[in-house]
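Numbering (the working numbering), first residue to last: 293 to 676. Data block below; observations after.
Take a look at the structure:
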């Protein structure tokens, strides 16, 4: 392996050395040196002189020499190309050419050119055949005379247009009588707004009696439910309807009368509405005046009724709002008012959006959740 590599390196080095030596021994070319070029000048008169004839000249007949029949054989021309003796070379006198301005190398002596062979005599041109006489062309037949066009019939004379009837003069329209100027209708005086009546304070005795009756009714109801539950456990058959206690019926009637007489249940929301608080079972409301006013103010903060609704008398909207215990809405507020026209619909939808935007209502006391779980609210846009 090493021997082959060594031999290869030595061989390549030897080739490169020989190449460098051979290139250095070559003579450098002189770029300013001009070499002379030998040029032979040959006259071209024989090729350029062409006979020109005239078509209108007379035809001259010349006798063509006929071949002479002789028994003597023609002498053969000597072959000069293969003879051993040198033939004399005619001297060629080249035309003088203008000397170049740049010095040139001496021209080499011209080599002896072989003697040109004798040119054969040109054969006589054949006589041109006489042009045939043109045949007389027949006279063209005259074109037929054009048939005369029929004369156009004279156009009928136009009938005279009837004279237009004279337009009748328009009858003058009677001048309209001036309309009587309507008397200005006096604007109706705005009705004075009724002053809100002050809420009568609840007598403390009535409130105390309501609380006592409520506690008593709750105790009786709880005792009755326990008795019914014990009876149901002892007897699997469904119990028969038992007559209600007259005392409990009397107590319920008295509680209903006291609730109807309680003025705190009819307090306004501050929006021209009236809240009906409490459960569907008929439990009385326990929200105070300040709590009701705070709830009304929270709903008023987000409500913007239509402008047309504020100028429409008697337009009110009722909503049923259901709350969760944390004050958020349990469902979308239900519209209780009848949708009689587009204005009522727009007012109801604006009130519905206001209740949803202001939620949650954290101002409500959680211990009174059963009182404000469902609230019936009436909205009056004129009092916004």
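We put the CB at the ideal spot given by N, CA and C, even for glycine. Computed from a predicted model, the values in this text were never measured in an experiment.
Three-state secondary structure assigned by DSSP to residue i
i, result
"residue 353", "coil"
"residue 312", "helix"
"residue 599", "helix"
"residue 659", "helix"
"residue 579", "coil"
"residue 621", "strand"
"residue 513", "helix"
"residue 649", "helix"
"residue 508", "helix"
"residue 348", "coil"
"residue 593", "coil"
"residue 247", "With the chain represented from 293 up to 676, any question about residue 247 goes unanswered, as that position is not in the structure."
"residue 654", "coil"
"residue 303", "helix"
"residue 643", "helix"
"residue 295", "helix"
"residue 478", "Low local confidence applies: a pLDDT of 49 at residue 478 is under 50, so the model's placement there is unreliable, with the coordinate-based value given in what follows. Coil at residue 478, not helix or strand."
"residue 633", "coil"
"residue 673", "helix"
"residue 587", "helix"
"residue 328", "coil"
"residue 497", "Low confidence applies here, because residue 497 scores a pLDDT of 42, under 50, leaving its location unreliable; read the following figure in that light. Reduced to three states, the DSSP call for residue 497 is helix."
Whole-Å CB distance - residue i paired with residue j, under 8 Å assumed
i, j, result
"residue 605", "residue 639", "13 Å between Cβ atoms; not a contact."
"residue 592", "residue 670", "Actually they do not touch by this definition, with Cβ atoms about 13 Å apart."
"residue 653", "residue 589", "At roughly 11 Å, the Cβ-Cβ gap does not stay under 8 Å, so residue 653 and residue 589 are not in contact."
"residue 607", "residue 655", "The pair is not a contact, with the Cβ atoms about 28 Å apart (cut-off 8 Å)."
"residue 661", "residue 617", "5 Å"
Counterpart residues of residue i in DSSP-defined beta bridges
i, result
"residue 627", "611"
Residue i and residue j closer than 8 Å at C-beta
i, j, result
"residue 648", "residue 621", "yes"
"residue 644", "residue 625", "yes"
"residue 663", "residue 580", "no"
"residue 676", "residue 613", "no"
"residue 600", "residue 635", "yes"
"residue 595", "residue 646", "yes"
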